[in-house]
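Report on the following structure.
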Amino acid sequence: MKKFLIAFVMAVLPLAANAAGGAGVHLDHMEVDLENKASLQRGMKTFVNNCMGCHSAKYQRYERAAQDLGMPNELVEQYLILGDQKIGEQMTIAMSAKDASGWFGAPPPDLTLEARLRGPDWLYTYLRSFYQDESRPWGVNNAVFKDVGMPNVLEYLQGTQLNHCSPEQMRAEAAIDPLTGKEMGKCLTVVEGSGELSEEEFDKVVYDLVNFLAYIGEPSKLDSHRIGTYVLIFLVLFFFVAFALKKEYWKDVH
Ligand code: HEC
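Sequential numbering from 2 applies to the sequence shown in the working numbering.
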C-alpha cells in the first residue's frame, strides 16, 4: 500500500507542477551547456542586473560562481555585486518576502533551484512568452504562466509582444484560425522596433540566462564533468599498466 501511494504521488506530482504553470503550451527546447563559460558569465550578468532586484539565489555564493565560471574575484566584486555584499556571501537580496507579497500578490521565489523545479525548456519559454494584456496589473500576461504576478522585466530588450491566439489555440502547437481553418502562424509576435535587440539576439540573452540558472541549480555538475574526464583518462592509462603487468606475470608460465 505504501509503495502504491509513493508511486501515485510520483506520478501525479509533475501534473500538479504543470497545472500551476498554465499547462499544455508548447515549450521551446534549449540545450544546457555548462562547459560554455562565456555563456554562463553573460547569464550571470543578466541575472544580477535584471532579476536580483526581486529574486535571490540564496544557495549560491558569489565566490563559488567566480571560481566555477573562471572569473577573478576582483572583477566579480566590481561588476557583478551591485550592493555592498562581499564575495564570500550568498546571492541574497534586500527585499522582504512580506513586502513583495503586498506589491506583487505573490512573493518572487528564490531561483537557485528553479531550473530543477521547472526545467530549462520551461524557463526558456517562460522568459520569452510575456505578452501585452491590459487587464493585468503590470499590463502583461504570460503564455506558460497564466496571470503571472511578475512584470515583464526584459521588455526593454525584447520589445512589446502581442498575442494573436485564444488560450485553446495557444495550447495547439500551431495556431489554427477557427473560421478559416488556416494556420495563423505564431501566436506571439514582437512589435517591430520596440525592443533594443533582434529576436535572435534576445533568444541568445535568455539562453545564457537560463544556462546560468541551470548551473546554480547543480553547481557540482561542473565538478562531476571534470572529475569524470580524469577518471576516464586514468582508466585508459591503467589499462596499459595492467596489460603490461599481466604480460610480465604470464611470461614464464607459457
Ligand atoms: C519586479 C520584480 C521582479 C523581477 C525584477 C523579476 N521577477 Fe521573476 N517573479 C516576480 C514575481 C512577483 C513572481 C511570482 C509570480 C507569481 O507567482 O504570480 C516571479 C516569478 C518568477 C518565476 C516563476 C517562479 C515559479 O513560480 O516557478 C521565474 C522563473 C522568474 N520569476 C524568473 C525571473 C528572472 C529570470 C528574472 C530576471 C530576468 C526575473 N524573474 C525578474 C517578480 C520579479
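Each residue gets a CB set at the ideal place from its N, CA and C atoms; glycine is no exception. Fair warning: this is a prediction, and the values are worked out from it, not measured in the lab.
Around the Cβ of residue i, are there at least 16 other Cβ atoms within 10 angstroms (buried) or fewer (exposed)?
{"i": "A67", "result": "buried"}
{"i": "F48", "result": "buried"}
{"i": "E193", "result": "exposed"}
{"i": "I217", "result": "buried"}
{"i": "F244", "result": "exposed"}
{"i": "Q162", "result": "buried"}
{"i": "G44", "result": "buried"}
{"i": "E156", "result": "buried"}
{"i": "H56", "result": "buried"}
{"i": "R119", "result": "buried"}
{"i": "P73", "result": "exposed"}
{"i": "T126", "result": "buried"}
{"i": "D224", "result": "exposed"}
{"i": "V206", "result": "buried"}
{"i": "V242", "result": "exposed"}
{"i": "F239", "result": "exposed"}
{"i": "L76", "result": "exposed"}
{"i": "G23", "result": "With a pLDDT of 45 at G23, under the threshold of 50, the modelled position of that residue is not reliable, and the figure given next carries that caveat. With 16 or more other Cβ atoms within 10 Å, it is buried."}
{"i": "Q42", "result": "buried"}
{"i": "W251", "result": "exposed"}
{"i": "Q214", "result": "Sequence inspection shows Leu at residue 214; the Gln mentioned does not correspond to that position. L214 should be labelled buried."}
{"i": "N50", "result": "exposed"}
{"i": "V191", "result": "buried"}
{"i": "A39", "result": "exposed"}
{"i": "S221", "result": "exposed"}
{"i": "Y231", "result": "exposed"}
{"i": "D130", "result": "Going by the sequence as given, residue 130 is Ser instead of Asp. S130 should be labelled buried."}
{"i": "D209", "result": "buried"}
{"i": "L246", "result": "exposed"}
{"i": "L236", "result": "exposed"}
{"i": "G106", "result": "exposed"}
{"i": "A20", "result": "Since pLDDT at A20 reaches only 44, below the 50 mark, its modelled position is unreliable, and no value is offered."}
{"i": "G229", "result": "exposed"}
{"i": "G196", "result": "buried"}
{"i": "D69", "result": "buried"}
Can you tell me which residues form a DSSP beta bridge with residue i?
{"i": "V277", "result": "Residue coverage of the chain in this structure runs from 2 to 255, which leaves residue 277 outside it and unanswerable."}
{"i": "Q133", "result": "V141"}
{"i": "A67", "result": "Note: A67 sits in no beta bridge, so no partner."}
{"i": "V62", "result": "First, the amino acid is wrong: residue 62 is Arg here, not Val. Paired residue(s): Q91."}
{"i": "L163", "result": "T190"}
Assuming residue i and residue j form a contact by the criterion Cβ under 8 Å, report the distance between their Cβ atoms to the nearest whole angstrom.
{"i": "D148", "j": "L28", "result": "Not really, about 19 Å apart at Cβ, beyond 8 Å."}
{"i": "H226", "j": "L83", "result": "Incorrect: roughly 30 Å between the Cβ atoms, too far for contact."}
{"i": "L198", "j": "Q159", "result": "7 Å"}
{"i": "R62", "j": "E90", "result": "7 Å"}
{"i": "V26", "j": "R172", "result": "6 Å"}
{"i": "L124", "j": "V211", "result": "5 Å"}
{"i": "I88", "j": "E78", "result": "5 Å"}
{"i": "P108", "j": "M151", "result": "P108 to M151, Cβ: 11 Å. No contact."}
{"i": "D100", "j": "K59", "result": "Contact flag wrong, Cβ pair sits at about 17 Å."}
{"i": "N164", "j": "L128", "result": "Contact doesn't hold; Cβ gap of about 16 Å is too wide."}
Is any non-hydrogen atom of ligand 1 found closer than 6 Å to the C-beta of residue i, if you look at the structure I gave you?
{"i": "N1", "result": "As shown, the chain starts at 2 and ends at 255. That puts residue 1 outside it, with no answer to give."}
{"i": "G54", "result": "yes"}
{"i": "S103", "result": "For the sequence presented, residue 103 should be read as Gly rather than Ser. Checking the Cβ of G103 against ligand 1 gives no."}
{"i": "E115", "result": "yes"}
{"i": "M171", "result": "no"}
{"i": "M151", "result": "yes"}
{"i": "P220", "result": "no"}
{"i": "P109", "result": "yes"}
Cβ of residue i within 6 Å of any heavy atom in ligand 3?
{"i": "V154", "result": "The ligand content of the structure shown is limited to ligand 1, which means ligand 3 is not among them."}
| Unbroken stretches of the beta strand (DSSP E), 3 residues or longer, contained in the region 185 to 246 | Those beta strand (DSSP E) runs which fall completely within the region 185 to 246 and span 3+ residues are 189 to 191.
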